[in-house]
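2 protein chains.
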Amino acid sequence: MYRTNTCGELRLADAGREVTLAGWVQRVRKMGSMTFVDLRDRYGITQVVTNVERDAALQEAASHLGREFVVQVKGTVAERQSKNANIPTGDIEIIAHEINILNRSEVPPFTIEDDTDGGDDLRMRYRYLDLRRGAVRRNLELRHSMAFEIRRYLSEQGFLEVETPVLIKSTPEGARDFVVPSRMNPGQFYALPQSPQTFKQLLMVSGFDRYFQIVKCFRDEDLRADRQPEFTQIDCEMSFVDQEDVLQMFEGLVKHIFKYVKNIDFTDPFPRMTWADAMRLYGSDKPDTRFGMEFVELKPLTEGSGFSVMDSAEYVGAIVAPGCAGYTRKQLDELTEFVKRPQIGAKGMMWVKFEADGSIKSSVGKFFTDEQLRKWGEHAKANPGDLMLILCGATMTTRKQLCELRLEMGSRLGLRDPQKFSCLWIIDFPLFEWDEETQRFYAMHHPFTSPNPDDIDKLDTDTGAVRATAYDMVVNGNELGGGSIRIHDSELQDHMFRLLGLSEADAQYKFGFLMNAFKYGAPPHGGLAFGFDRFVAILAGLDSIRDTIAFPKNNSGRDMMIDAPAEIDRSQLEELSIDVVLPSAENESK
Amino acid sequence: MYRTNTCGELRLADAGREVTLAGWVQRVRKMGSMTFVDLRDRYGITQVVTNVERDAALQEAASHLGREFVVQVKGTVAERQSKNANIPTGDIEIIAHEINILNRSEVPPFTIEDDTDGGDDLRMRYRYLDLRRGAVRRNLELRHSMAFEIRRYLSEQGFLEVETPVLIKSTPEGARDFVVPSRMNPGQFYALPQSPQTFKQLLMVSGFDRYFQIVKCFRDEDLRADRQPEFTQIDCEMSFVDQEDVLQMFEGLVKHIFKYVKNIDFTDPFPRMTWADAMRLYGSDKPDTRFGMEFVELKPLTEGSGFSVMDSAEYVGAIVAPGCAGYTRKQLDELTEFVKRPQIGAKGMMWVKFEADGSIKSSVGKFFTDEQLRKWGEHAKANPGDLMLILCGATMTTRKQLCELRLEMGSRLGLRDPQKFSCLWIIDFPLFEWDEETQRFYAMHHPFTSPNPDDIDKLDTDTGAVRATAYDMVVNGNELGGGSIRIHDSELQDHMFRLLGLSEADAQYKFGFLMNAFKYGAPPHGGLAFGFDRFVAILAGLDSIRDTIAFPKNNSGRDMMIDAPAEIDRSQLEELSIDVVLPSAENESK
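Chains as they are written, first to last, in this note's numbering: chain A, 1 to 590; chain B, 1001 to 1590.
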């Protein structure tokens, strides 16, 4: 027994008690004849005091404690003279009569404080010290609570958590698999799952009825900004359900989490928006609905002006930034530069200022009369003092650009408060995406997604217009999760494979065991998966998922702390019947 | 909405209600003008009835439903005439007025019943059908409940579940690692964790204080009877604790599980037994204490008889089988054959019968007087009617053989009831094991295990006698879990590495990042890990862990259902900068 109490629990009511605490030295302050030590553990910080009159040797020893030393303190709880209202233990201090150094510490490479002086690389290399910082640890505490509440809700709803295997089979579809050579089966490989999709569908065939799993998944992708090669999903599936059942169940889950983890009560049903509306109003299938500023289509109002930029455009769209008519030339130039950045790629931006005094200024004033511009304003419900920003071009491209501009304006106007949460469902996704390059359809979700029953007759005649029974949950502009009702009819599944250009042999090779399973009584079923890292990041108010993960990898898929991946012994390679074949210089220069 | 109720919930009180059920056809019975369909889902079985007077077409259709068809039934709940007391829904039946076939099924390759006619291979190949069997599904329901209760207990005790990475670094120590080639870092590999040992210790350095994780671990071993290449651990670690704190906490966990999952209340503390006592009394560090029959050492009583087999033996040990004096020649021969099997390897077995009438018979009667044998009996507390079985030879070898004999006798006498649970702690393990072949010490647990503080002065002088601060939880002869207090002092750790023959460079290469972390204030800490698959198996009363796992692998590490591992595309190999080098025929013939 190293301690009687943690560093976070003693209060004024404990005054007079003899206690033993253990923790890390956060700070040592010598003030005249007294030395104060802030002792820290996961639960809080408690002030320890020594004093030269009471014990000169102890006071001397305390003064020499280094930052991050691990110490055990025995002493008496006493009321503090100058209380600290900022911490829960701020009313008391421990008058020490014994301090034992349990372990020493070298000077850490950065300060262990919420605002640290450590750069990103240093923090990652010394992640075990970075995790001592409350700012990081709190994210992992939140993650723990969320995982627990997710399990509680789903268990109460009759879901069974079933562990699906990690060593599975490579399916050359979608993203790249990580593979694992099998020593016992030379020349053969396992693959790590990109998701337990097929296994959860097999569990439905098995009659498990309601399945979930909080599970690691793996994707060998070139890592973009906020992706990790290993990530965690909340994976769920239900039998004998239609879309409405699934939406109800998982809207309930999200509300449960907000309620029990963040103490936020969502009483109204989450809004539902069709994919088509989301694209039309926000240019995105994951709109940030914490603020309005929906798109307004101006094309009919701009026709025939002779302004070729607009006349030749397939689409002219605008947003109205409230109260921004006073924007300066410089501010407008900044926005123009913003949309012209290569990542966004607009050719230019037009604007109309509806001044508070009723006058109108516009970058396209020479092509349109005030009367015409006023009509635009009326159409867009712009008020005096508002600024209209306009982009034009090909429909889908321009919408995406306008989406970025809208988000930028939302940020500038402070409308994207990370502590405000706006949740909605996006429904009626298209079933297929047409790929110009390969001139074929791809499944937008995956090949097991069921078409909307109303659109089945269009499968062959108007393939691109067929809607999927697929849905996404969107929070604050992030896709929190998504799923679909699956095809359980093998004829319909064969039809889908044909439309996707998969031969029977291909389909059998890739999905054979699932197709075989479906011959033995597959129930109607559907489900979804949430990105757990993202879910935590959203509730933590973080932009990146990285600090929701205890030991993340960097953009090269490298763990800087343990220095992995690394070379392995030749004997290991031989046992595995593989060899390394490094790309030759010749190949590299191609 | 496919159903209003499940197949397990309707009762007499529901009589008269209009309901919709959905599920699988378990059985169809045509009896005169009535057809009965047993409809099954995860929750139970409900009888559906159709009748030619009410609806001839429906009755005809019902008669043609095949086994495992998926159907939806609409009908009225009615009281049954001949009730079935064996099932909770046995008081009612559904008078159907509509039956919709949702999906058909081919005839399954084995019967979907608790006692199936399917062999092992067939069950594994069609695991998704095997999982429909209540006998298998119930194990996974138990697993779910146990996982949930484990999380509940540990969360309530302030433990945080933290996910540690799956893609880590290979450490060429202990069992073989599974490795994962890194595409982005050609020639380099990740390894899958054999346990999160180093990460949990790093989390203690990070001040997480109480950590746990229910986590997949991986070991590329030649699979013995009951091992899986991927298995699940309940991994735990605590800071500022000594052994007593850890034992209390996790004894509490095990009691919590028994209480909330099996409704079994353990009120007394679990017994604790030193490793030395366990070896002396049971010849095993995981004794099955559901029954007594402890070893009795006879060596001092057998000295000088001139019976060379015993005189030359280092150890003579016996067990007393109560009430077995009446064993026939044949039964005794069977036991002799049992201990002489190559897996056990005894040279022979001796016996003494203490007959009910006070007479004595023995296989060694010509070397010992009745008086001498009677002394053996007194020493061993044998009663009239008991049978003494004796093995002799080298101490450790003979104890292991006698252990097997004891377990065999326990089984024969019905003393190993799978529904009775006997838990205990084994403590005071030796810190080191001496390996004759390499003439060096190995860490019995792992190199971070702390020596018993009382034995530290013996580290150099009597290395083999040093006890570890290590402990195992044993239930019914199975090691449920084990752990240790870790070394947190870097000088002591260096000392350990030296004793284990690790050079400083080796230690740095293998455990460098942990050693570095320990320089920054490592708290005293310790923990343990339970084998979760085994834990479930014990509570389910199963001998094997295989049916506690939804999709297990066979002894060649192969998933028979999805047929993994498998070959992968050449393009995948090239991207990963590896090639397959199959062992040549020449090598194979060596």
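Note that the Cβ used here is the ideal one computed from N, Cα and C, for glycine as well. If you're wondering where the values come from, they're calculated on a predicted model, not measured in any experiment.
Checklist entry - Leaving out the 5 sequence neighbours to the left and right, which residues in its chain are closer than 7 Å to A:Lys262 when beta-carbon positions are compared? => result Residue mapping note: residue 262 of chain A aligns to position 262 of the first sequence, counting from 1. Sequence-distant Cβ neighbours of A:Lys262 in its own chain, meaning closer than 7 Å and more than five residues away, are Leu539.
Checklist entry - Less than 8 Å separating the beta-carbons of B:Thr1463 and B:Thr1449? => result Reading the second sequence from its first residue, position 463 is the one you call residue 1463 of chain B. Reading the second sequence from its first residue, position 449 is the one you call residue 1449 of chain B. Not closer than 8 Å, so no.
Checklist entry - Can you tell me the Cα-Cα spacing of B:Ala1517 and A:Tyr43, whole angstroms? => result Your numbering for residue 1517 of chain B matches position 517 in the second sequence. Your numbering for residue 43 of chain A matches position 43 in the first sequence. Rounded to whole angstroms, B:Ala1517 to A:Tyr43 spans 21 Å at the Cα level.
Item to check | Nonlocal neighbours in the same chain, by C-beta distance under 6 Å from B:Thr1050, ignoring five residues either side | outcome: Counting from 1 along the second sequence, the entry for residue 1050 of chain B is found at position 50. Excluding sequence neighbours, B:Thr1050 sits near Thr1035, Leu1058, Gln1059, Ala1062 and Ala1096.
Item to check | Limits of the unbroken alpha helix (DSSP H) element including A:Phe535 | outcome: Counting from one through the first sequence, the residue named residue 535 of chain A turns up at place 535. Looking at the DSSP string, the run of the alpha helix (DSSP H) that includes A:Phe535 is Phe532 to Ala540.
Checklist entry - Roughly how many whole angstroms lie between the Cα atoms of B:Phe1270 and B:Gly1283? => result The residue given as residue 1270 of chain B occupies position 270 in the second sequence. The residue given as residue 1283 of chain B occupies position 283 in the second sequence. In a straight line, the C-alpha of B:Phe1270 is about 20 Å away from that of B:Gly1283.
Next on the checklist: Suppose the cutoff is 6 Å on Cβ atoms and the five residues either side in sequence are ignored; what does the same chain contact list for A:Asn594 look like?
Outcome noted: For residue 594 of chain A there is no data in the structure shown, the boundaries of chain A being 1 and 590.
Checklist entry - Pairing CB atoms from the stretch 1313-1320 of chain B with CB atoms from the stretch 1415-1423 of chain B, are three or more of them under 8 Å? => result No, they do not touch.
Next on the checklist: For a quick check, are the C-beta atoms of B:Arg1440 and B:Gly1481 less than 8 Å apart?
Outcome noted: Indexing the second sequence from 1 puts residue 1440 of chain B at position 440. Indexing the second sequence from 1 puts residue 1481 of chain B at position 481. Against a cut-off of 8 Å, the Cβ pair of B:Gly1481 and B:Arg1440 comes out as no contact.
Item to check | Counted within 10 angstroms of its Cβ, other Cβ atoms place A:Ser170 as buried (16 or more) or exposed | outcome: By 1-based counting over the first sequence, the position of residue 170 of chain A is 170. Label assigned to A:Ser170: buried.
Item to check | Within 8 Å, strictly: CB atoms of B:Lys1510 and B:Ser1490 | outcome: Locating residue 1510 of chain B in the second sequence gives position 510, counting from the first residue. Locating residue 1490 of chain B in the second sequence gives position 490, counting from the first residue. Cβ distance not < 8 Å, so B:Lys1510 and B:Ser1490 don't count as in contact.
Checklist entry - Can you find at least 3 beta carbon pairs, one from the stretch 271-279 of chain A and one from the stretch 329-341 of chain A, that sit closer than 8 Å? => result Taking 8 Å as the limit for Cβ pairs, the verdict is that the stretch 329-341 of chain A does not touch the stretch 271-279 of chain A.
Next on the checklist: Can you check whether the C-beta of A:Ala550 is within less than 8 Å of a C-beta belonging to chain B?
Outcome noted: Start at 1 with the first residue of the first sequence, and residue 550 of chain A comes out as number 550. So yes, A:Ala550 belongs to the interface.
Checklist entry - Whose Cβ in chain A lies nearer than 9 Å to the Cβ of B:Leu1405? => result Counting from 1 along the second sequence, the entry for residue 1405 of chain B is found at position 405. Near B:Leu1405 there are no residues of chain A at all, since even the closest Cβ is about 34 Å away, more than 9 Å.
Next on the checklist: Please list, in chain order, the chain B residues whose beta carbon lies closer than 8 Å to that of A:Asp128.
Outcome noted: Taking the first residue of the first sequence as position 1, residue 128 of chain A is located at position 128. Looking at the sequence itself, residue 128 of chain A is Tyr, so the reference to Asp does not match. Neighbours of A:Tyr128 on chain B, chain order: Leu1202, Leu1203, Val1205, Ser1206, Ala1517 and Tyr1520.
Item to check | Min CB distance A:Met184 to chain B below 8 Å | outcome: Counting from one through the first sequence, the residue named residue 184 of chain A turns up at place 184. Yes, A:Met184 counts as interfacial toward chain B.
Checklist entry - What is the rounded straight-line gap between the Cα of B:Met1293 and the Cα of B:Thr1438? => result As a working mapping, residue 1293 of chain B is identified with position 293 in the second sequence. As a working mapping, residue 1438 of chain B is identified with position 438 in the second sequence. About 37 Å.
Checklist entry - Which whole-angstrom value is the C-beta distance of A:Leu167 and A:Val180, which I expect to be below 8 Å? => result One-based indexing of the first sequence puts residue 167 of chain A at position 167. One-based indexing of the first sequence puts residue 180 of chain A at position 180. So it is a contact: roughly 6 Å between Cβ atoms.
Checklist entry - Using a Cβ cut-off of 7 Å, which residues of the stretch 1148-1171 of chain B contact any Cβ in chain A, in chain order? => result Answer set for the stretch 1148-1171 of chain B: Phe1148, Arg1151, Ser1155, Leu1160, Glu1161, Val1162, Glu1163, Thr1164, Pro1165, Val1166, Leu1167, Ile1168, Lys1169 and Ser1170.
Checklist entry - How would you write the range of the alpha helix (DSSP H) that B:Lys1259 sits in, first residue to last? => result For the purposes of this step, residue 1259 of chain B is taken as the residue at position 259 of the second sequence. According to the DSSP assignment, B:Lys1259 belongs to the alpha helix (DSSP H) that extends over Gln1243 to Lys1262.
Next on the checklist: Beta-carbon within less than 7 Å of B:Asn1005's beta-carbon, same chain only, minus the 5 sequence neighbours each way: which residues are those?
Outcome noted: In the second sequence, the residue the question calls residue 1005 of chain B occupies position 5. Once the five neighbours on either side are set aside, the close Cβ partners of B:Asn1005 are Val1019 and Leu1021.
Next on the checklist: Does the CB of A:His445 have a neighbour CB from chain B at under 8 Å?
Outcome noted: Start at 1 with the first residue of the first sequence, and residue 445 of chain A comes out as number 445. Under the 8 Å criterion on CB atoms, A:His445 is classed as non-interfacial with respect to chain B.
Item to check | At least 3 beta-carbon pairs within less than 8 Å: the stretch 1104-1115 of chain B vs the stretch 1072-1079 of chain B | outcome: Touching, no, given that fewer than three Cβ pairs across the two stretches are closer than 8 Å.
Checklist entry - Where do the N-terminal and C-terminal ends of the alpha helix (DSSP H) with B:Tyr1128 fall, by residue? => result On the second sequence, residue 1128 of chain B is found 128 positions in, with the first residue counted as 1. For B:Tyr1128, the enclosing alpha helix (DSSP H) has its first and last residue at Arg1127 to Asp1130.
Checklist entry - From what residue to what residue does the alpha helix (DSSP H) around A:Val205 run? => result In the first sequence, residue 205 of chain A corresponds to position 205, counting from 1. In the DSSP annotation of this structure, the continuous segment of the alpha helix (DSSP H) that includes A:Val205 starts and ends at Gln197 to Val205.
Checklist entry - What whole-angstrom Cβ distance do B:Pro1523 and B:Met1204 have, given they're in contact under 8 Å? => result Position 523 of the second sequence, counted from the first residue, corresponds to residue 1523 of chain B. Position 204 of the second sequence, counted from the first residue, corresponds to residue 1204 of chain B. Taking C-beta atoms under 8 Å as the contact rule, B:Pro1523 and B:Met1204 qualify, at a distance of about 6 Å.
Checklist entry - In terms of residue numbering, what span does the beta strand (DSSP E) encompassing A:Cys236 cover? => result Locating residue 236 of chain A in the first sequence gives position 236, where the first residue counts as 1. Unbroken beta strand (DSSP E) run through A:Cys236: Glu230 to Ser239.
Checklist entry - If you compare alpha carbons, which of B:Glu1479, B:Gly1008, B:Arg1080 and B:Gln1401 is closest to B:Pro1287? => result Here residue 1287 of chain B refers to the residue found at position 287 of the second sequence. It is B:Glu1479 whose Cα lies nearest to the Cα of B:Pro1287.
Checklist entry - Is A:Thr76 helix, strand or coil by DSSP? => result Taking the first residue of the first sequence as 1, we reach residue 76 of chain A at position 76. A:Thr76: strand per DSSP, three-state reduction.
Checklist entry - Bridge partners of A:Phe218, per DSSP? => result Along the first sequence, one-based indexing puts residue 218 of chain A at 218. Answer is A:Glu230, bridged to A:Phe218.
Item to check | Terminal residues of the alpha helix (DSSP H) in which A:Met515 lies | outcome: Position 515 of the first sequence, counting from 1, holds the residue named residue 515 of chain A. Note, A:Met515: alpha helix (DSSP H), Glu504 to Ala517.
Checklist entry - Among residues of its own chain, excluding the 5 on either side of A:Val162, which ones have a beta-carbon nearer than 7 Å to its beta-carbon? => result The residue you call residue 162 of chain A lines up with position 162 of the first sequence. The beta carbon of A:Val162 sits closer than 7 Å to the beta carbons of Leu203, Phe208, Tyr211 and Gln213 from its chain, once the five residues preceding and following it are set aside; these are given in chain order.
Next on the checklist: Suppose you measure from the CA of A:Cys217 to the CA of B:Thr1548; what does that come to, to the nearest Å?
Outcome noted: Locating residue 217 of chain A in the first sequence gives position 217, counting from the first residue. Locating residue 1548 of chain B in the second sequence gives position 548, counting from the first residue. Distance between the alpha carbons of A:Cys217 and B:Thr1548: 22 Å.
Checklist entry - Does A:Leu582 get closer than 8 Å to chain B when you measure Cβ to Cβ? => result One-based indexing of the first sequence puts residue 582 of chain A at position 582. Among the residues facing chain B, A:Leu582 is included, as its CB has a counterpart in that chain under 8 Å away.
Checklist entry - Starting from A:Pro186 and walking both ways along the alpha helix (DSSP H), at which residues does that stretch end? => result Here residue 186 of chain A is taken as the residue at index 186 of the first sequence, counted from 1. Boundaries for A:Pro186: no alpha helix (DSSP H) harbours it, and the DSSP string shows neither H nor E there.
Item to check | chain A residues whose Cβ lies nearer than 7 Å to that of B:Gln1047 | outcome: Along the second sequence, read from residue 1 onward, the residue named residue 1047 of chain B stands at position 47. B:Gln1047 does not reach chain A, its nearest Cβ partner there being about 18 Å away, counting only Cβ pairs nearer than 7 Å.
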